[in-house]
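> Numbering-wise (my numbering), the sequence shown opens with residue 110 and increments by one.
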Amino acid sequence: SVASSGEIQFEVVARASVDAGGALSIQFLNEHLYATRYVIDEERLKAFARSHHNEELNHLINLLRYINRWHSLLGRLVWTVCYHQRRFILTGDEALLKPLPQAEVARELGHHRSHICRAIRHRGISTPHGKYPLSFLCASKEQVILSVAKRYPHWTDQQISDFIFMMHGCRVPRRTVSYHRSKVRRASNC
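(1) Do you know offhand how far Arg230's Cα is from Val122's?
(2) Note down the Cα distance separating Ile117 from Ser287, rounded to an integer number of angstroms.
(3) How big is the Cα-Cα spacing for Ser126 and Leu218?
(4) Kindly give me the distance between the Cβ atoms of Leu206 and Gln194, rounded to whole angstroms, as I take these residues to be in contact under 8 Å.
(5) Are the segment 262 to 271 and the segment 211 to 225 in contact at 8 Å, needing three or more beta carbon pairs?
(6) Would you give the residue range spanned by the beta strand (DSSP E) that Gln118 belongs to?
(7) Give the DSSP-derived three-state secondary structure of Gln252 in the structure shown.
(8) Would you kindly check if the distance between the Cβ of Pro208 and the Cβ of Ser249 is under 9 Å?
(9) What residues match up with Phe137 in a beta bridge as DSSP calls it?
(10) Can you tell me which of the three DSSP states Tyr261 falls into?
(11) I need the straight-line Cα distance from Ala296 to Phe197, nearest angstrom please.
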């Protein structure tokens, strides 16, 4: 199914929910896409390749391996992002989004950042609180600071910094919070 978030259109690839006990549940909408793997019998393939010196065969084998890795990446990516953002998925409260840069996801999954960027592009999940693009769930520190500041406008910069550390274990200096809040205030005054 296709959804949109503002001007961003994306394909919903999974439904995610968290039960009261904190258990994460993910249901892929096209299970065959993420579960199907091409099985490559290495022994038979080597015997066939020895008798047929064919570049197309090597290209096909490499393509099948790439498809297997890609499907595996997308499934692991959705699971990883949802696992890190399970508080947000449970409540729908943007103030509970965890700072989760794509570079961090890439390191955790053992892939290059560009692979993660391409896998996330135009894909999203459905939660009990709405549909969200995966790029939204890979929240930057700035995005998290602004959502907490929006939810708790009376808080000081230090209180916002402490809240982010307490909720997510992520240190954000008070001056960074101040910088991002003042940037928003300047933009709204224009």
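Ideal Cβ placement from N, Cα and C applies to all residues, glycine included.
Put simply:
(1) 12 Å
(2) 29 Å
(3) For Ser126 and Leu218, the distance between alpha carbons rounds to 22 Å.
(4) Their Cβ separation, rounded to whole angstroms, is 6 Å, which keeps Leu206 and Gln194 in contact under 8 Å.
(5) With fewer than three CB-CB distances shorter than 8 Å, the segment 262 to 271 does not count as touching the segment 211 to 225.
(6) Ile117 to Val127
(7) helix
(8) yes
(9) Ala123.
(10) Under the three-state reduction of DSSP output, Tyr261 falls in the coil class, being neither helix nor strand.
(11) Taking the Cα positions, Ala296 is about 27 Å away from Phe197.
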